[in-house]
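Undergrad: Next up is a structure, given as structure tokens.
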Amino acid sequence: MSSLFNVIFTTEFAFSVLRVTTPILFAALGALISNRAGIINIGLEGIMLVAALSGVVVSAYTGSSWVGLMGAVLAGTLISGILAFFTLHFKTHIILGGVAINMFASGGTVFILYLLSGDKGSSTSLPSKVLPSVDIPLLKDIPVLGPIFSGHNVLTYMSIIAVFVVYYMLKRTPLGLRIRSVGENPQAAQSVGVSVVKVQYTALLLSGFFAGLGGAYMSMGYLSLFTRDMTAGRGWIAIAAESMGRSTTVGTTLTSLLFGAADALANALQVLKIPAELIGTLPYVTTVIGLIVYAVSESRKRNRKLKRLEKKS
Amino acid sequence: MMPNQLLEMKNITKVYPNGVVANQNVQFSLAEGEIHAIVGENGAGKSTLMKMMFGMEEPSEGEIILRGKQVLLASPQDAIDHGIGMVHQHFMLVPSFTVAENMVLGMEPKKGVSINYNEAVRMTEEMSKKYNLLVNPKAKVEDLSVGMKQKVEILKALLRGAEILILDEPTAVLTPQETEELFRELTQLKQQGHTIVFISHKLKEVKAICDRITIMRAGKSEGVFWTKDVTEQEISKLMVGRDVVLRYDKEKKPYGAPILSVTDFSLADETGKALLDKVAFKVRGGEIVGIAGVEGNGQTQLVEALTGSLAVRGGNVAIKGTDIQGYDIRKIRSLGVSYIPEDRMRQGAAKDASISDNLISTQYNTKAMNNGPFLKSKKIAKLATTLIEEFRVRCSGPNQPIGMLSGGNMQKVVVARECSTAPDLLIAEQPTRGVDIGAAQFIHQKLIELRDGGSGVLLISADLNEILELSDSLLVMYEGQIVAYLEEPWAVSEEELGLYMLGINRQDEQQIRRAVEA
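Keeping their order, the protein sequence lines are chains W and Y. Take the first sequence: its position 291, counted from the start at 1, is 291 in UniProt numbering, and no numbers get skipped. Take the second sequence: its position 379, counted from the start at 1, is 379 in UniProt numbering, and no numbers get skipped.
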């Protein structure tokens with residue numbers, strides 16, 4: 001047990017929590033935006049995967065990690081745009097479209113990887129670039145805080161900025177107001193001339209944009225290469241984080257951190273003599289427990305409300 | 001006669017794709033600065049006419065002339081741009097938003113990239129003051145009362161420059177106090193030069209605030225009147241009427257024992273508004289009891305309670321002597337109750353399932369229909385074939401999906417199912433709505449057959465023909481109460497019935513009590 005504490009109560013562990021939270025957080029913000037517009041983006045996992053590969057490929061061919069990042073984000077937005085086109089234009093069910101995107105991404109990325117590198121497992125032979133890590137002056141010299149918060153990948157900092165941007169966008173801008181109105185009462189939005197389809201398009205594109213950032217981080221920050229199915233369910237965890245966070249920006253961020261912590265713990269515990277397979281399930285078990293806690297608290301709240309109403313009448 | 005014709009709708013006809021003629025050569029004209037009522041029963045075509053005025057539907061024929069110029073209203077946005085606003089019966093508000101946010105949605109004032117929320121609040125306050133419609137701009141809509149929400153809706157339309165305001169049954173959801181307040185506000189709006197279209201079937205209200213009245217019946221306009229020149233009786237006579245009189249020969253037999261007895265049954269919604277108020281009546285064996293009334297006067301809730309989709313509390317309803325408090329749908333059905341729901345598409349039938357599946361959906365779980373987990377398909381097929389023949393359902397066979405049948409044939413399947421279990425009590429809610437005459441007569445015959453066989457039938461219908469001719473005794477509901485009990489419905493004139501239905505007349509307590517004591 002003491003060895004467990006030795007693992008957790010270290011600055012390295014806290015640092016790694018932020019490190020592994022980044023991709024989940026990006027994707028969860030994507031899930032948040034589309035969900036608030038009343039359209040659930042099931043394709044996040046696939047979008048991240050495509051973005052991760054695109055980042056590697058573009059950076060390898062251009063020699064610039066920044067151009068690679070742009071490529072990744074563009075690819076993510078594009079895939080999300082395709083999903084939006086099928087869902088909103090042709091009225092395919094979003095779940096079907098999302099599943100198609102995910103399956104296409106899983107197979108398609110391996111196919112393209114093989115075409116370009118001759119390898120079906122990873123992109124080791126591609127000279128891809130990595131986005132830089134940033135030491136924050138002053139902060140880096142503060143004990144405890146410095147080693148936790150300084151020296152992260154530039155995208156980790158961007159993910160934190162993104163939280164504020166999304167919060168502000170949803171709460172304060174006309175677009176945010178329209179996104180929320182469309183998600184809550186599309187007829188009301190329609191009746192005052194807000195185009196529901198247009199708002200949902202925008203929301204899905206933004207959702208793809210953020211998932212794209214998450215994908216880029218996977219292959220150009222978290223790791224320095226692309227490996228087959230490297231997102232490993234983070235897109236799904238992000239959807240869970242969003243719903244457990246009750247579709248609020250703050251809640252989504254906190255649950256993303258919780259899942260990140262579970263992920264980091266799984267990594268850290270690998271030094272102990274616990275079967276790696278068991279530890280590997282930790283983030284997923286957390287997801288399930290989290291959703292159960294959420295469901296129970298919600299139904300209790302509902303029951304209380306019903307009882308209050310009954311008393312009144 | 002009217003100085004300023006603001007809006008005219010000429011020779012409007014609307015035929016829906018499914019062939020329903022909702023409006024037939026309707027004339028409507030609106031003068032500047034008046035409050036103009038459109039009255040008519042449900043299905044008279046009021047809503048369709050309004051939808052065309054607000055750009056939600058386009059007329060099949062006819063023209064709309066606004067300020068002397070012909071206009072094409074292809075969407076609500078077009079109507080808004082022309083200064084026409086509408087307050088829908090179901091509010092178009094976002095519950096989690098504040099009043100100010102709802103007000104400016106779609107036309108948000110900006111400061112940089114963000115919404116200028118203070119400006120939105122200021123705009124709301126300004127409108128609120130100008131029209132004397134007091135709302136709190138910073139309150140969340142979900143916390144507001146219905147009356148408040150309605151004010152927000154009116155302000156929303158005014159903020160978008162509405163000069164013509166259409167209100168679709170605005171008082172249906174209001175308490176009497178809120179209604180009075182609304183009337184004061186509408187009168188003020190009128191004084192400020194706005195023109196108001198007021199859709200209603202409550203004649204008292206219409207008399208109270210409207211200048212003119214257009215009466216609609218069965219998709220046609222029955223005329224325009226100055227409110228002060230007509231009495232409620234005259235309006236009711238034009239609103240409520242029968243086109244064809246059907247007659248059925250019914251055997252006169254003494255009634256059996258009471259099958260359904262309802263005693264002092266009251267029900268309120270979550271805001272405390274009374275939906276049912278001390279309703280009491282009996283249905284005896286061999287009797288068809290009709291319930292007449294304009295829709296929305298408690299009939300729906302009564303049927304929901306009797307059939308188990310709304311929990312009954314307090315021991316007010318007994319079927320064959322059994323108190324049904326806490327009973328669910330299946331338990332109530334097992335007492336020998338059948339139910340023909342009003343909405344056959346949503347409640348009465350499973351559209352994609354076959355005719356035979358639909359026919360056994362109330363008894364698939366009985367020993368007669370299954371051997372444990374397996375259905376007795378031969379027996380079911382035989383039953384289906386017999387019923388299809390007996391009820392003359394026009395179809396390609398028992399395996400045809402019910403959704404492919406015409407409305408009349410679909411309804412026959414529903415009626416066949418509900419009659420085939422030999423019920424002691426049949427609750428028939430609008431059993432022939434949207435059904436062709438042939439099928440309707442057939443269904444009527446079946447109801448009479450059940451009655452002659454000693455079952456009790458509770459018939460709820462907005463079709464006067466049906467209710468007057470089939471019923472052995474008739475109850476009239478108005479605002480959740482029974483306002484009349486009539487023993488020989490076929491002898492009742494529709495004028496008399498109209499007066500009860502529209503709340504102009506009511507019987508005294510003793511006469512109404514006969515529904516229980518007789």
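Virtual Cβ for every residue (Gly too), placed ideally from N, Cα, C. As the structure is a computational prediction, the values presented were derived from the model and not from experiment.
When DSSP labels each residue in this structure, what does Y16(Y) get in the three-state scheme?
TA: Correct three-state label for Y16(Y): coil.
Undergrad: CB E242(W) to CB A28(W), shorter than 8 Å?
TA: Yes, they are a contact pair.
Undergrad: For the segment 306 to 329 of chain Y, list every residue whose C-beta sits within 7 Å of some C-beta in chain B, in sequence order.
TA: Included in the structure are the protein chains W and Y, with no chain B among them.
Undergrad: Would you be able to state if there are at least three C-beta pairs under 8 Å between the segment 257 to 273 of chain W and the segment 156 to 167 of chain W?
TA: Judged by Cβ distances under 8 Å, the segment 156 to 167 of chain W makes no contact with the segment 257 to 273 of chain W, as fewer than three pairs qualify.
Undergrad: To the nearest angstrom, how far is it from the Cα of N505(Y) to the Cα of I482(Y)?
TA: If you take the alpha carbons of N505(Y) and I482(Y), they lie about 12 Å apart.
Undergrad: For A188(W), would you say it is in contact with chain Y, using Cβ-to-Cβ distances shorter than 8 Å as the test?
TA: Chain Y contact via Cβ: present.
Undergrad: Is there a Cβ of chain W sitting closer than 8 Å to that of K253(Y), yes or no?
TA: So, not an interface residue.
Undergrad: Whose C-beta lies closer than 7 Å to the C-beta of M469(Y) among residues of the same chain, with five residues either side of it excluded?
TA: With the sequence shown as reference, residue 469(Y) is identified as Glu, and Met is not the correct amino acid for it. Excluding residues within five positions, the ones whose Cβ falls inside 7 Å are L246, R247, Y248, W490.
Undergrad: Give the straight-line distance between the Cα atoms of K149(Y) and E222(Y), rounded to the nearest whole angstrom.
TA: Their Cα atoms are separated by approximately 33 Å.
Undergrad: Put Q360(Y) into one of helix, strand or coil per three-state DSSP.
TA: This sequence places Ile at residue 360(Y); Gln is not what is there. Of the three classes helix, strand and coil, the one that applies to I360(Y) here is coil, per DSSP.
Undergrad: Does the beta carbon of T173(W) sit closer than 8 Å to a beta carbon anywhere in chain Y?
TA: Interface residue, yes.
Undergrad: Please list the residues of the segment 52 to 72 of chain Y that have a C-beta atom closer than 9 Å to any C-beta atom in chain W, keeping them in chain order.
TA: For the segment 52 to 72 of chain Y, which is checked against every Cβ of chain W, not one residue is closer than 9 Å.
Undergrad: Could you check the C-alpha separation between L69(W) and I95(W) for me, to the nearest Å?
TA: Cα to Cα, the separation comes out at about 28 Å.
Undergrad: Using the Cβ count rule (16 or more neighbours within 10 Å means buried), how would you classify V289(Y)?
TA: Flag for V289(Y) reads buried.
Undergrad: Tell me, please, whether the CB atom of S261(Y) is closer than 8 Å to any CB atom in chain W?
TA: No, because no Cβ of chain W sits closer than 8 Å to the Cβ of S261(Y).
Undergrad: At least one CB of chain Y closer than 8 Å to the CB of S191(W): is that the case?
TA: With 8 Å as the cut-off, S191(W) counts as an interface residue toward chain Y.
Undergrad: Look at the Cβ atom of G285(Y), then the Cβ atom of Y327(Y), and state whether they are nearer than 8 Å.
TA: No, these two residues do not count as a Cβ contact at 8 Å.
Undergrad: Counting pairs of beta carbons, one from the segment 187 to 207 of chain Y and one from the segment 40 to 51 of chain Y, are three or more of them closer than 8 Å?
TA: Counting Cβ pairs under 8 Å, three or more are found: they touch.
Undergrad: In chain Y, which residues lie less than 9 Å from E184(W) when you measure between Cβ atoms?
TA: Those within 9 Å of E184(W) in chain Y are V94, P95, S96, F97.
Undergrad: What are the boundary residues of the alpha helix (DSSP H) that includes Y167(W)?
TA: Y167(W) -> alpha helix (DSSP H) spans 154 to 172.
Undergrad: On the premise that N136(Y) lies in contact with V113(Y), defined as a C-beta separation below 8 Å, what is that separation, rounded to the nearest angstrom?
TA: Between N136(Y) and V113(Y) the Cβ distance is about 27 Å, and since that is not below 8 Å, they are no contact.
Undergrad: Given that P76(Y) touches chain W, what residues does it touch there, using C-beta distances under 7 Å?
TA: Per Cβ cutoff of 7 Å: S191.
Undergrad: Using beta carbons (cut-off 8 Å, strictly below), is D119(W) in contact with chain Y?
TA: So no, D119(W) is outside the interface.
Undergrad: Output the distance between the C-alpha atoms of V152(Y) and D168(Y), rounded to the nearest integer angstrom.
TA: Taking the straight line from one Cα to the other gives about 15 Å.
Undergrad: Shortest alpha-carbon distance to A416(Y) belongs to which of E429(Y), I443(Y), Q400(Y), M404(Y)?
TA: Checked all of E429(Y), I443(Y), Q400(Y), M404(Y); the closest Cα to A416(Y) is I443(Y).
Undergrad: By the three-class DSSP mapping on this structure, what secondary structure does R489(Y) have?
TA: The residue you asked about is not Arg; residue 489(Y) is Pro in the sequence shown. The answer is helix: DSSP assigns P489(Y) an H, G or I state.
Undergrad: Start and end of the beta strand (DSSP E) containing K320(Y)?
TA: Segment: none, K320(Y) is in no beta strand (DSSP E) and carries neither H nor E.
Undergrad: Based on the DSSP output, what are the partners of V39(Y) in its beta bridges?
TA: Note: V39(Y) sits in a beta bridge opposite S200(Y), I215(Y).
Undergrad: Between I388(Y) and S354(Y), is the Cβ-Cβ spacing less than 8 Å?
TA: Their beta carbons are not under 8 Å apart, which means I388(Y) does not touch S354(Y) by this criterion.
Undergrad: Leaving aside the five residues before and after A105(W) along the sequence, list all residues of the same chain whose C-beta is less than 6 Å from its C-beta, in chain order.
TA: Taken in chain order, the residues that qualify are G46, L49, V50.
Undergrad: Can you name the residues that DSSP bridges to E61(Y)?
TA: BP columns for E61(Y) point to T13(Y).
Undergrad: Assuming L155(Y) contacts M107(Y) (C-beta within less than 8 Å), just tell me the rounded distance between them.
TA: Not a contact, Cβ separation roughly 13 Å.
Undergrad: Suppose you measure from the CA of V457(Y) to the CA of E205(Y); what does that come to, to the nearest Å?
TA: Rounded to whole angstroms, V457(Y) to E205(Y) spans 35 Å at the Cα level.
Undergrad: F391(Y) by DSSP, collapsed to three states: which one?
TA: F391(Y): coil per DSSP, three-state reduction.
Undergrad: Check the Cβ of L486(Y) against every Cβ in chain W and list those closer than 8 Å, keeping chain order.
TA: The premise fails here: L486(Y) is roughly 33 Å from chain W at the closest Cβ pair, so nothing lies under 8 Å.
Undergrad: Quick one: which unbroken alpha helix (DSSP H) runs of 4-plus residues sit fully inside the segment 63 to 92 of chain Y? Chain order, please.
TA: You should have 76 to 81.
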